[in-house]
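Last residue of the first sequence? That's 1745 in the numbering used here, and every number before it is there in order. All C-beta atoms in this analysis are idealised placements derived from N, C-alpha and C, irrespective of residue type, glycine included. In what follows, a single structure is set out as structure tokens and then discussed.
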Amino acid sequence: MYKAPRGTADILPEEQGYWRYIEDRAVALCQLYGYQRLDTPAFEDAGLFARSIGEGTDIVTKEMYTFKDRSGNTLALRPEGTAPVCRAYLEHGLDNLPQPVKLYYLAAIFRYERPQAGRYRQHYQFGFEAIGDADPTLDAEVVEMAWQFFKTLGLEHLFLYVNSIGCRKCRPSYLESLKHYYSAHVSGLCSDCKTRMEKNPLRLLDCKKPSCYQVAEAAPKSTDYLCQECETHFEVVQSYLNILKLPFEVNHRLVRGLDYYTKTVFEIQPLGEGAQNAVGGGGRYDDLIEELGGKPTSAIGFAAGMERVVLNLKKQKISVPDLPALKVFLAYLGNEAKLEAVRLASVLRSDGVAAIVATGDRSLKAQLRQADGIGSNYVVIVGEEEIKNQTVTLRNMLTGEQKPVSPAELKKLLKRVAEA
RNA sequence: GUGAGCGUAGCCGAGAGGUUUAAGGCGCCAGGUUGUGGCCCUGGAGAACGAGGGUUCGAAUCCCUCCGCUCACCCCA
């Protein structure tokens, strides 16, 4: 028997309510803030990701689904959403539109990782980007949108962490002093942190090991090393966040895993121990567009993991609206009646009434049982009697009442219910 | 890539070396008279116990390998 590949999941009908709920809110949110949808391909030139995310990052070195197609092009399933958006922005000359350009996406993301709670090899992200403007109000707007997204979903107990990791002008000196500081504490560090010192010093800051906690707490803060521009930017961002009454907290240990981030970074985490704690995060990436061959272009974005959102909705026992449910079930007795039932269903549907016809030749009892089982509100019964009288029997499954009606009345009645 | 736990019908889940040709519950199917659901009653279908190998007179029950699932590390949404 075939099974879904490791780290992937089928989203069964019973789960769809959550997804529809989240997607609907996401789309409405973007509409409200003036962000337009952009869909990009599931795979891209692999080089796009290597260049943007960073050659040395885990995502690029060991998590990408990279493959050669039959003409020898090296492609990769997208391991994140921002780079493709930037690629499309450049490819289609969106830099000639009034700036900033505001875009959003809902897309599948692929990373070859060991699956875990809230972590998959194929997962979905909802993200949005404001490209083409360095105004700190955009930082605040994106953070606010992110926050609003979770709020409108009904999620509680969320923490909003903000930090600034500087730009290419000021970050090098920060990294120097960070390394310098850590070199005096090597002996007490965990083995992961020892390799991090070389590979990714920023990551030293968010090591979860208790042994490294003290060291990380006392480490130099990136915000103390910001250049004038970054410092002002960060201050203004914070003042806007305050004006927007966002309950943020500056977290000096917040860093992000992709190389392209500059200045503002932020993350939203729910309360609780779950290892995969961030439900969403983002930041500014002022060098990325240029890195991809465009002219220097500031931008900021955010992405949320859909599965993690679903996980938290469930954890917080937030109920989502039922999917549209009115179902009319047509039961029949005999071949002649079957023909009539099929015909009638077609008529109802052309009137916008959702209808399901029984199949096979089962007893009426069985047909009703099925109708009940799939949650039908009404059952239309067609039998010899009805055919003779030119009527059908309409049964309300909630009340158990039923009465004979003419086909014309039936249409009218059901249409009224469908529209209500 | 590393570590830990787990793997019995669609789902939940007993069994822990010998009447097990493997309980029970949910779900599914069919009946409980003539054309009627949801409750109740009865019956039925459905698993050689993840796969392969071994130990033993005998294994779902013990051992090994592999596969898979889950959780954690790494990393990230």
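Nearest candidate by alpha-carbon position, reference residue i, set the options
i     : options                    : result
G1418 : S1377, E1405, G1618        : G1618
E1560 : P1461, E1438, K1393, L1337 : P1461
M1339 : R1521, G1443, E1710, G1700 : The amino acid at residue 1339 is misidentified as Met; the sequence shows Glu. Nearest option by C-alpha distance: G1700.
K1504 : K1494, C1518, C1492        : C1518
I1593 : Y1586, L1337, V1604        : V1604
D1686 : T1557, E1542, Q1695        : Q1695
E1615 : R1362, A1329, S1377        : S1377
D1611 : I1643, S1498, G1491, Q1641 : G1491
L1308 : L1566, L1738, Y1507, L1673 : This structure does not reach residue 1308, given that the chain is present from 1326 up to 1745, and the question cannot be answered.
I1625 : V1672, T1365, Q1424, A1666 : Q1424
R1578 : L1530, P1526, E1481, A1329 : L1530
T1724 : A1745, D1697, E1709, E1744 : D1697
Y1634 : K1740, L1480, F1392, V1682 : Here residue 1634 is Val; the residue named in the question, Tyr, does not match the sequence. Closest by alpha carbon: L1480.
C-beta atoms of residue i and residue j nearer than 9 Å
i     : j     : result
K1588 : G1608 : yes
L1753 : C1411 : Examination of residue 1753 is not possible in this model, given that the chain is present from 1326 through 1745 alone.
A1662 : I1712 : yes
R1446 : R1331 : yes
S1547 : S1489 : yes
T1716 : S1731 : yes
L1363 : A1413 : yes
Q1641 : H1482 : yes
V1385 : P1409 : no
A1353 : T1399 : no
Neighbourhood of residue i by C-beta, 6 Å cutoff - its chain only, sequence neighbours within 5 removed
i     : result
V1487 : F1573, V1575, F1591
V1540 : H1510
G1379 : D1584
T1477 : R1350
K1427 : G1359, Y1360, A1455
Residues of its chain near residue i, where Cβ-Cβ distance is below 7 Å and the 5 sequence neighbours each way are ignored
i     : result
E1402 : Looking at the sequence shown, residue 1402 is not Glu but Leu. Once the five neighbours on either side are set aside, the close Cβ partners of L1402 are A1367, F1368, Y1390, F1435.
Q1450 : G1406, A1432, I1434, A1628, A1629, G1630, M1631
Identified DSSP bridge partners for residue i
i     : result
Y1538 : In DSSP, Y1538 forms no bridge with anything.
E1592 : Y1486, G1606
H1448 : I1434
L1402 : F1368
G1626 : E1454, G1608
L1719 : V1705, K1728
Residue i: CB within 8 Å of a non-hydrogen atom of the ligand SAM
i     : result
V1410 : Looking for the ligand SAM in the displayed structure turns up nothing, as the structure carries no ligands at all.
Cβ shell of residue i (< 8 Å), same chain only, five flanking positions each side left out
i     : result
G1342 : V1645, P1646, D1647, L1648
Y1538 : C1532
Meets three-Cβ-pair contact criterion under 8 Å: the region 1651-1661 and the region 1701-1711: The region 1651-1661 makes contact with the region 1701-1711; the number of CB pairs closer than 8 Å reaches 3 or more.
Does the contact criterion of 3 or more C-beta pairs under 8 Å hold for the region 1448-1457 versus the region 1544-1558? Result no; under three Cβ-Cβ pairs closer than 8 Å.
Counting Cβ pairs closer than 8 Å, one from the region 1462-1474 and one from the region 1507-1517, do we hit at least three? Contact fails: fewer than three Cβ-Cβ distances are below 8 Å.
Determine contact between the region 1327-1345 and the region 1417-1431, defined as no fewer than three beta-carbon pairs at a distance below 8 Å. The answer is no - the region 1417-1431 does not touch the region 1327-1345, with fewer than three Cβ pairs under 8 Å.
Check whether the region 1665-1678 and the region 1736-1745 touch, using three or more Cβ-Cβ pairs below 8 Å as the test. Yes: the two stretches touch, three or more of their Cβ pairs being nearer than 8 Å.
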